[in-house]
Structures are given as structure tokens and as C-alpha cells.
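Reviewing the structure listed below.
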Amino acid sequence: MNQSQVTTSYTLSDPVLLSDERHKGKLSHLSVKLWNMLKQKQACDIKIKTCDVDVNAHSCILIATSEYFRKCFDLISRKRGTAGISGVIIDVRRQLGQGLNNKDMMNILHYIYTGDIEVTLDNCIFLFKASRILELEYLTELIIPLYVKICSLQISDLSAKEKQYLHYKTNYKKHEAADTSKSESQTLPAKGVGNNPEEEHISLETGNILPEHDIDKESMGGETSNDINKDSFEEKEPQMETENSHLM
Numbered sequence: 001m002n003q004s005q006v007t008t009s010y011t012l013s014d015p016v017l018l019s020d021e022r023h024k025g026k027l028s029h030l031s032v033k034l035w036n037m038l039k040q041k042q043a044c045d046i047k048i049k050t051c052d053v054d055v056n057a058h059s060c061i062l063i064a065t066s067e068y069f070r071k072c073f074d075l076i077s078r079k080r081g082t083a084g085i086s087g088v089i090i091d092v093r094r095q096l097g098q099g100l101n102n103k104d105m106m107n108i109l110h111y112i113y114t115g116d117i118e119v120t121l122d123n124c125i126f127l128f129k130a131s132r133i134l135e136l137e138y139l140t141e142l143i144i145p146l147y148v149k150i151c152s153l154q155i156s157d158l159s160a161k162e163k164q165y166l167h168y169k170t171n172y173k174k175h176e177a178a179d180t181s182k183s184e185s186q187t188l189p190a191k192g193v194g195n196n197p198e199e200e201h202i203s204l205e206t207g208n209i210l211p212e213h214d215i216d217k218e219s220m221g222g223e224t225s226n227d228i229n230k231d232s233f234e235e236k237e238p239q240m241e242t243e244n245s246h247l248m
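Note that UniProt numbering has the sequence shown beginning at 1, numbered continuously upward.
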């Protein structure tokens, strides 16, 4: 049985608290302590720039839970050399939207640290896209039902690539039961392959972001859901700076 579930009844006007037990199972008790330390700004070694207040975070948690952040910090480490990543301020607004604010970034970090996230009508589409960009696969699966239901999106309105992705994720068990004679590359394509329509996410290799279809601004809502950038990661690397100097 899928342990991920909506923990409370919801309407379009109420926030929805989603709890992902699978993600929680991957985290040690240390992550909860680190979340409390983050809120108190204790032992945080990096910052994430937003349009209002920069967000403190622990690079070790981000690297351990997000392939996107692992690639990001690996790139920063190579550029900074022996200086390391401590004290760096990264700017992912080019990827997540120029309107990325403190509240939305903290909501994403709350999921990364604890497995819980608050989904509303205003942030649903943004969180779905952000989960793909940051390569938080469990979060993507968790949000899909609300992505369709809360945002009132009809399958017929989606692009062909989104239809494939949603069909795959919502029929996961059916795919598991498929003919085992098929190769793994046919049934579960690997991440990061540029010609794979189910996994076209931003990466160092492909620079692609799903979804590609346009959604009118009224349906997207929220401060951060109207500026998802489709440029490549190579061309739009996260900006990096220290407290005293701009490095990139």
C-alpha cells in the first residue's frame, strides 16, 4: 500500500498538508534536528537567495536529498576550488522563477528536511514544476493528483509529454506488472537521458524542463509560478556569491 497520503480533507480554498512517509523513511532523525537548527539559523553553511529574505540551509541535507543540488554544489566546488562551498549564496531564481520568495523556498526546504509540505491552489503548479527541476521524485508523485484536481487541469489540456509523464506516474503499479522481458531502459528509463520524454528535467546534460505547455497566469497563481525558465543549466547556472564578493 502506498503510504503517501493526504492527511486532511481539503477544498480548493484550504491549504493541504501532504505527508510522504517514504521520504521520511529515507531521512534520519538528524534531519529533524537540522530543520529546527535551520529555523534558528544555527550551523547553516549556505544561503539561498529569494526576492525578499535569503534562506539559510545546510548543504549536506540538500546534497543528500536532491540530485539537482548535488550537481549544483559539485559545480560550485569545482569553480571555487579549495575555498569550498561554505558561506556561498546561491541564486536559483533563474530556474524556479524570479518571484521565488522566502515562504515558498522554506516550504520546499520543509519537505526536503521533514517530508511534509503545504500545497495550496496558488502554489500547486509551482511546486509540481519545482519538484521536477530540483529532481525530488517522491514530491512530484505526491503532488500529481492535486496538480490535476486542485488546478482543474484536464488531461486534454496537457502537452503530449506531460500526458506521458502523468500516465506513467499514475499507473506506476501497472508499469511494475508489465512484461519483465522488457529491458529496464524500456520500462523505467534512466534520469538525465535527453531523449526520454518521461524524464525531461533540468540537468547539466539536457537543460530541459517539463512541463513545456503554456498555462495562463490566472490559473497559475502565486508569486513564483509564472516565471519558470526553460534555458539550459549550462547557460543559466545558479548565481553564486559570498557575503563580500560576487563570484559569478
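No residue lacks a Cβ here, since even glycine has one placed at the ideal position from N, Cα and C.
Please read these numbers as outputs of a predicted model, since none were measured by experiment.
Subject >> Bridge-paired residues (DSSP) for V55 >> reply: Position 55 of the sequence shown, counted from the start, is the residue given in the question as residue 55. DSSP lists I48 as the beta-bridge partner residues of V55.
Subject >> Three or more C-beta pairs below 8 Å linking the stretch 126-143 and the stretch 99-115 >> reply: Result yes; three or more Cβ-Cβ pairs closer than 8 Å.
Subject >> Start-to-end residues for the alpha helix (DSSP H) that takes in L127 >> reply: Counted from its first residue, the sequence shown places residue 127 at position 127. DSSP places L127 inside the alpha helix (DSSP H), whose first and last residues are C124 to I133.
Original post:
Grouping DSSP H, G and I as helix and E and B as strand, with all else coil, what is S13?
Top reply: As a position in the sequence shown, residue 13 is number 13, starting the count at 1. It is coil, neither helix nor strand.
Original post:
Within the chosen definition, does the stretch 56-75 reach the stretch 131-138 through at least 3 CB pairs nearer than 8 Å?
Top reply: Touching, yes, given that three or more Cβ pairs across the two stretches are closer than 8 Å.
Original post:
Measuring CB to CB, does C72 end up less than 8 Å from I46?
Top reply: Walking along the sequence shown from the start, residue 72 turns up at place 72. Walking along the sequence shown from the start, residue 46 turns up at place 46. The answer is no: Cβ separation not under 8 Å.
Original post:
Using DSSP with H/G/I as helix, E/B as strand and the rest coil, what is V148?
Top reply: By one-based count along the sequence shown, residue 148 stands at place 148. It is helical.
Original post:
Shortest alpha-carbon distance to G25 belongs to which of D116, N56 and N101?
Top reply: Working through the sequence shown from its first residue, we reach residue 25 at position 25. When each option's Cα is compared against that of G25, the closest is D116.
Original post:
What did DSSP end up calling I89 once you bin it into helix, strand or coil?
Top reply: Within the sequence shown, residue 89 is the residue found at index 89, counting from 1. Assigned with DSSP and collapsed to three states, I89 falls in strand.
Original post:
Would you call N123 buried or exposed, if buried means 16 or more other Cβ atoms sit within 10 Å of its Cβ?
Top reply: By 1-based counting over the sequence shown, the position of residue 123 is 123. Looking at its Cβ environment, which holds 16 or more other Cβ atoms inside 10 Å, N123 is buried.
Subject >> Inter-residue Cα distance where the pair is L34 and K41 >> reply: For the purposes of this step, residue 34 is taken as residue 34 along the sequence shown, with counting starting at 1. For the purposes of this step, residue 41 is taken as residue 41 along the sequence shown, with counting starting at 1. Between the alpha carbons of L34 and K41 lies a gap of roughly 10 Å.
Original post:
D116 lies in the beta strand (DSSP E); which residues open and close that run?
Top reply: Walking along the sequence shown from the start, residue 116 turns up at place 116. Per DSSP, D116 belongs to the beta strand (DSSP E) from D116 to V119.
**OP:** Taking K33 as part of the alpha helix (DSSP H), name the residues at either end of that continuous run.
**Re:** Looking up residue 33 in the sequence shown gives position 33. For K33, the enclosing alpha helix (DSSP H) stretches over residues H29 to K39.
Original post:
How long is the line joining the alpha carbons of T50 and K149, rounded to whole angstroms?
Top reply: The residue given as residue 50 occupies position 50 in the sequence shown. The residue given as residue 149 occupies position 149 in the sequence shown. Roughly 29 Å between the two C-alpha positions.
Original post:
What separation, rounded to the nearest whole angstrom, lies between the Cα atoms of G97 and D52?
Top reply: As a working note, residue 97 is residue 97 in the sequence shown. As a working note, residue 52 is residue 52 in the sequence shown. Spanning the two alpha carbons is a distance of roughly 13 Å.
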